Structures are given as structure tokens and as C-alpha cells.
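So the sequences go chain by chain: P and H.
With numbering that gives the first Met the number 0 applied, the first sequence covers 0 to 214.
With numbering that gives the first Met the number 0 applied, the second sequence covers 0 to 214.
Just so it is clear, CB atoms sit at the ideal spot from N, CA and C, and this is done for glycine as well.
Since the model is a prediction, treat every value here as computed from it, not as a measurement.
Notes follow the structure.
Protein chains: 2
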Amino acid sequence: MAETGTKTPRERYRTQVRAEIKERAWEQIATAGPSALSLNAIAKQMGMSGPALYRYFASRDELITELIRDAYRSLADTFRATSGPGPNHAALAHALRRWALDDPQRYFLVYGTPVPGYHAPDDVTAIASEIMTTLLDACTALPSDSPATPFETHLEGHRQWADGHPAPPAALRRALTFWTRLHGVLSLELAGHFTGMRFDPALLFTAELDDLLAH
Amino acid sequence: MAETGTKTPRERYRTQVRAEIKERAWEQIATAGPSALSLNAIAKQMGMSGPALYRYFASRDELITELIRDAYRSLADTFRATSGPGPNHAALAHALRRWALDDPQRYFLVYGTPVPGYHAPDDVTAIASEIMTTLLDACTALPSDSPATPFETHLEGHRQWADGHPAPPAALRRALTFWTRLHGVLSLELAGHFTGMRFDPALLFTAELDDLLAH
DNA sequence: AGATTTAGTTAGAGGCTATCACGAAACCTA
DNA sequence: TAGGTTTCGTGATAGCCTCTAACTAAATCT
Chain P
0 MAETGTKTPR ERYRTQVRAE IKERAWEQIA TAGPSALSLN AIAKQMGMSG PALYRYFASR
60 DELITELIRD AYRSLADTFR ATSGPGPNHA ALAHALRRWA LDDPQRYFLV YGTPVPGYHA
120 PDDVTAIASE IMTTLLDACT ALPSDSPATP FETHLEGHRQ WADGHPAPPA ALRRALTFWT
180 RLHGVLSLEL AGHFTGMRFD PALLFTAELD DLLAH
Chain H
0 MAETGTKTPR ERYRTQVRAE IKERAWEQIA TAGPSALSLN AIAKQMGMSG PALYRYFASR
60 DELITELIRD AYRSLADTFR ATSGPGPNHA ALAHALRRWA LDDPQRYFLV YGTPVPGYHA
120 PDDVTAIASE IMTTLLDACT ALPSDSPATP FETHLEGHRQ WADGHPAPPA ALRRALTFWT
180 RLHGVLSLEL AGHFTGMRFD PALLFTAELD DLLAH
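Structural data, given as C-alpha cells:
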């Protein structure tokens, strides 16, 4: 084999340990949030002493960034797998909701409260725009008949973020509202702001989705 | 004076020190987020040694809870001050946006990513329902003509959260969408998810608001 | 087999939360 | 105004944490 598709044993071991560290990190985040993530505790869980982890991640921040990257990647893949030809908003929406409920902290890592200083590395924002592209595809596939709103004409003049995507202004607007409205419902639901109230969040979600599809 | 409206000097001093501590805490939160809040650092800033702060707040968590309480209180007051007789959604919405932009971290303390274990004390949830009541008032004042949707009939059966408020189902639905849609736009804007894109978030916000008022 | 890279160790600096025991100041009361 | 009591702030300390540095031992490469 000319290609070392399977890497050297050391590299195999290394990636496997990195994976286990991330695994434990996800568990910690799920139970106590990202701020409670402790490299020391992970190391002890894995039977090694604190500083050993620094062979695998340069810092706590780098580990968290890696988790954020994985979260983005996971959502982008889910979206791409759901996306097909034609307008499949509903499928995307439900895929999003399933993905969010599957691991709320993972959702919050992507769309939750940011740390003021933090700036995502370029490859992460690239994944974000990949997600947006999938969404724009779905929106472009939907015909739009109603006349352009003022905001849509504003968007037509500020469409750099669509990154060359040929979506018409109405589709840009549709993608944005798809994003903000579903995020509005989802983030409040995941944050537990509906728990006291006894209605079914899933119905609110689909009601918003229906409204999105109707107009 | 039978009433000690002005307290004893000790109490005056005490509340003043508590206020200064919270002041510094807000500054720290604004620049580095709640997770970076350090009692030690605040103490040093105020010229006293670490443990002294524990005379004023039993723990870091208690201080943060107090900040959350103040944030809720501030929003409830803003809402109540904005609310008048009749349907003034637009005023409420813009008051909300101003309040949010005024101090994004304060907004996130209320509506942002929650710490998994954390449960807000009862008086805080009471303020939350006070906010909801103000919103329901505005929604009730608006006439609704369209036929009830399935979700609205569902809400009619699960309206405990309205806490005896006489709002009709359509108003319940309207209050929820008001909340989720505006939060959707605001939270993404404050979290910086629109920064790369060059459009004006204010226009998206008012576009969503207009849509809310139109239907 | 020897040289080199890498994984893991302990020690330690410096930060944090939080508790405790102690001195000192302020306050209340007789 | 003098004495007892409450309250404030202190330093010391325990126990976490992140992260660096020097060192050992094992695996890998030549």
C-alpha cells in the first residue's frame, strides 16, 4: 500500500485518546455546562495525571473550540444529509429540532451565549456558511409570488453573506426568518423557559414552521 | 419618625457596598461573561482582601442570582413603563430591543444559555410572569378576527401559564410568537451571528415586528 | 543497537472559591 | 460616657483549577 490511509500506530493511539477526551468533555458539558469543563477531572477519569492532557490539547480553550467545531460540523452534515432537490423546509426544520433536542448543550455551543472576547476560527465560520448555503438552496427552490418588501430590497443590496448564492431576495429573507424564528422557539424551549407553562413546545415549533411555509 | 425609611448607618453602608460589588460584577460580566466573574478580583478592585466579600454575598452563585434578579426586574420595569392602555406591541418590541442592546450580557443573563443545574428562585419566576402579563395585556387589546388554529385550541386547553389572565387563545398565541420571534432575531444579533453578513439587524427586527402586527 | 521522538510523570507557580479564627472598629444601651 | 455586643475586615488555610517545566520511560525510526 503506497497510501498510509491507516496511520502509524502512534497516530492511531493519539487520535483515539483525543476522541476519548472529547467524549468525556461532552459528558461534562452536558451535565454542568461548558464553564464547568475541567481538564484535570477528565484526566483523572481517564486514569492519568492532570498535565498529561496538554499533550493532546494545548489549552482548555482549544479543547472547547474543537468541540464547537465538531458541533458545527455535525449540524452541517445533518443538514446536508436532510437536504435534497426541491424545497424541503419542513424536513430541514425537523432535522434541526431533532439535532437540538438530541444534545441541547451542543446546540448552545453553536447558537448560545457567546463569550465576549471569543472569535471563532475561520474554518468554523466556513462551516457556518455551509449550513447557510444548504438553507438557501431549500429557500431558492420555493417559488415566491408576493411583491418584494422593503427589507427584501435592503437584502438585495447587502447580500455578500449569501456568498455568491443565486437566491432571489425573497429567498434570502425566507432563509433569515427560517433561521431566526425556529431558533427563537428552540432556544427558549431548550433553555427551559417553557417548562412552567404546560403547552407542548413541539406544537409551537410546527405552528411556526407552518406559518413559515404558508407565507 | 415612626418609620425608619432611612435605615441605620450600618445598613446604609452595607447596601452601598453591596451596590458597588454588583456594579463591578456587571463590568466584569460585560467584558468577559458571567463565567469570568471573580469575587477575588472584585474585592481587590475595591481595596479589600478576598474573603471580605463573603460578608455581603454568601457565594459567587448568590451574587450571580442577584444580578439575574436585577436583570429581570429591570426588564419588567421597562416593560411596565412602556405599556399603556391599548395594543402597543411596537412600543414594547422597541423597548425590548433597546433594553437588550443597552447591555447584551444582561439580556443573556435572562434569556441566554442556562447552567444545566440552575433553578431560578421563586421570586425571579414571579417577575418573569409579570413580564408575560404585561405582554398578554398588549395582546389582549388587539382584536383577532381569523379563525382559531389548531395550536390555539391546544393553548386554550393549556393556559395555566397565563395565570388567570383573561386573554383569548389568539392573544396567547400572539404573545408566544411575539416572544419567540423577537428573541430569535435579538439573540442571534447580540450573539454576533449577523456580524459577517452586512445587512442591518434593525431592519430584520422591524420586518419581523411588522409581520407580527399584520397577521 | 543506538539515536530520537513522544507520552507520561511529579513539582510548582499563580489563580480561584470558600471557611475559619482572630483583631478592630462601630454601634447600642445602661 | 463606659461596657458589652454586633459587625467588618484580616490573614491563614484547604482544596480546586490551568498551565509550565524538568525529568523518566517507552515507543519508534534509522
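Within chain H, the residues whose beta carbon sits less than 8 Å from that of Trp160(P) are Gly195, Met196, Arg197 and Phe198, listed in sequence order. Here the C-alpha atom of Thr64(P) lies approximately 8 Å from the C-alpha atom of Ala119(P). The beta carbon of Gln44(H) lies closer than 7 Å to those of Arg23 in the same chain, with the five residues before and after it left out. Counting only runs of 4 or more residues that sit fully inside the segment 70-150 of chain P, the alpha helix (DSSP H) segments are 88-101, 103-110 and 121-139, in chain order. With fewer than 16 other CB atoms across the displayed protein chains lying within 10 angstroms of its CB, Thr194(P) is exposed. Close to Phe150(H), with beta-carbon spacing below 7 Å, are these residues of chain P in chain order: Leu202, Leu203 and Ala206. Residues Leu135, Cys138, Glu151, Leu154, Glu155, Arg158 and Ala161 of the same chain have their beta carbon placed closer than 8 Å to that of Leu171(P), with the five preceding and five following residues left out of the count.
Going by DSSP, His157(P) is part of no alpha helix (DSSP H) at all; its letter is neither H nor E. A direct Cα-Cα distance of roughly 20 Å separates Ala190(P) from Leu208(P).
Val109(P) is not a Cβ neighbour of Ala75(P), given a cutoff of 7 Å. When the Cα atoms are used, Ile20(P) and Thr30(P) turn out to be separated by approximately 16 Å. If you look at His182(H), you'll find it in the alpha helix (DSSP H) that goes Pro168 to Leu189.
Apart from sequence neighbours up to five positions away, the residues of its chain that approach Val16(H) with a beta-carbon distance below 7 Å are Tyr55, ordered along the chain. When secondary structure is reduced to three states using DSSP, Ser58(P) falls in the coil class, being assigned neither helix nor strand.
Excluding its 5 nearest sequence neighbours in each direction, Asp122(P) has C-beta neighbours in its own chain below 8 Å: Arg68, listed in chain order. The beta carbon of Ala125(H) sits closer than 6 Å to none of the beta carbons in its chain outside the five residues before and after it. DSSP, read as helix, strand or coil, puts Arg197(H) in coil. Shown in chain order are the members of the segment 27-47 of chain P whose Cβ falls below 7 Å from a Cβ of chain H: Thr30, Ala31, Gly32 and Ser34.
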